[in-house]
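Only one structure is covered here, and it is reproduced in the block below.
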Amino acid sequence: MKYDECLQVLSPARLNKYAQASGNEKAKTLRLYQYNIKLSQRFYGVIGMFEIMLCNAINAHYKQYFNDDNWIINQARPNGLLEQEASEIVRIQRTYTNMGVYNNDKMVASFTFGFWTYLFTRRNYRIGGKNTSSNIPQQSAWFKANRHLQPTNCHP
Numbered sequence: 002m003k004y005d006e007c008l009q010v011l012s013p014a015r016l017n018k019y020a021q022a023s024g025n026e027k028a029k030t031l032r033l034y035q036y037n038i039k040l041s042q043r044f045y046g047v048i049g050m051f052e053i054m055l056c057n058a059i060n061a062h063y064k065q066y067f068n069d070d071n072w073i074i075n076q077a078r079p080n081g082l083l084e085q086e087a088s089e090i091v092r093i094q095r096t097y098t099n100m101g102v103y104n105n106d107k108m109v110a111s112f113t114f115g116f117w118t119y120l121f122t123r124r125n126y127r128i129g130g131k132n133t134s135s136n137i138p139q140q141s142a143w144f145k146a147n148r149h150l151q152p153t154n155c156h157p
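Heads up: the sequence shown is residues 2 to 157, going by this note's numbering.
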């Protein structure tokens, strides 16, 4: 694709920082953009794995803290940890229940990363026990899991 076509499809705002970094050389601008895409692709799997591990660790914390395997549903009540997300939680629960596949793991997997980070707001952190770090994987465990989950190390 030619530079002008890329500019039209991707937008000047998106390519501008690459153009500035390349001294406005069109070919170099596109190469930098392509390098950035390749770099992003390399991080995608690692970030995805981190998200899964973090969400599972947060879920484990709240299951233990509330002594409730169904804490997501039960905290979606007035004054509960998840009262502000109650309508979304009920919608997701109904969907899974109607499909006959409802369980806590399905609920955990349904939420965006933003949902999980929202649990660290001042209010929610206070309500939720002020301590999730004991369930967050330690650095060595993270690197070990990441190394073993690389595509070259996973076999059917």
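Backbone N, C-alpha and C fix where the C-beta goes; we use that ideal spot for every residue, glycine too.
**Report entry** Whole-angstrom distance between Thr-30 and Ala-22, CA atom to CA atom
**Finding:** Residue 22 sits at position 21 when you count from the first residue of the sequence shown. Residue 30 sits at position 29 when you count from the first residue of the sequence shown. The straight-line gap from Cα to Cα measures roughly 8 Å.
Report task. Take the Cβ of Gln-42 as the centre, count every other Cβ of all protein chains shown within 10 Å, and call the residue buried at 16 or more, exposed below. Result -> What you label residue 42 is simply residue 41 of the sequence shown in a count that begins at 1. With fewer than 16 other Cβ atoms within 10 Å, it is exposed.
Query raised in the report: Does DSSP put Gln-9 in a helix, a strand or coil?
Result: Translated into the one-based positions of the sequence shown, residue 9 becomes position 8. Reduced to three states, the DSSP call for Gln-9 is helix.
Query raised in the report: Would you call the segment 54–61 and the segment 96–109 in contact, with 3 or more CB pairs under 8 Å?
Result: yes
Query raised in the report: What residues in its chain sit with their C-beta under 6 Å from that of Asp-70, if we drop five residues either side in the sequence?
Result: Within the sequence shown, the letter at position 69 stands for residue 70. Excluding positions up to five away in sequence, the list reads Lys-64, Asn-105.
Query raised in the report: Where does Tyr-36 land, buried or exposed, given buried means 16+ other C-beta within 10 angstroms?
Result: Locating residue 36 in the sequence shown gives position 35, counting from the first residue. Result: exposed.
Query - Whole runs of the alpha helix (DSSP H) within the segment 47–123, excluding any shorter than 4 residues - result: 72–75, 87–100, 105–111, 114–119
Query raised in the report: Taking DSSP as the reference, what is the three-state secondary structure of Lys-3?
Result: Translated into the one-based positions of the sequence shown, residue 3 becomes position 2. Residue state, collapsed to three classes: coil.
Query - Residue closest to Leu-55, alpha-carbon to alpha-carbon, out of Arg-127, Arg-123, Phe-114 - result: To locate residue 55, count along the sequence shown from 1; it is residue 54. Of the candidates Arg-127, Arg-123, Phe-114, the one whose C-alpha sits nearest the C-alpha of Leu-55 is Phe-114.
Query - Helix, strand or coil at Asn-37 [DSSP, three-state] - result: Mapped onto the sequence shown, residue 37 falls at position 36. Helix.
Requested in this report: Taking all protein chains shown into account, decide if Leu-40 is buried (16 or more other Cβ within 10 angstroms of its Cβ) or exposed.
Outcome: Along the sequence shown, read from residue 1 onward, the residue named residue 40 stands at position 39. Burial call: exposed.
Query raised in the report: Cα-Cα, which of Lys-27, Lys-18, Ile-93, Ala-14 is closest to Tyr-4?
Result: Stepping through the sequence shown from its first residue, residue 4 is reached at position 3. Among Lys-27, Lys-18, Ile-93, Ala-14, the Cα nearest to that of Tyr-4 belongs to Lys-27.
Query raised in the report: Secondary structure at Asn-125, three-state DSSP: helix, strand or coil?
Result: Here residue 125 refers to the residue found at position 124 of the sequence shown. Residue state, collapsed to three classes: helix.
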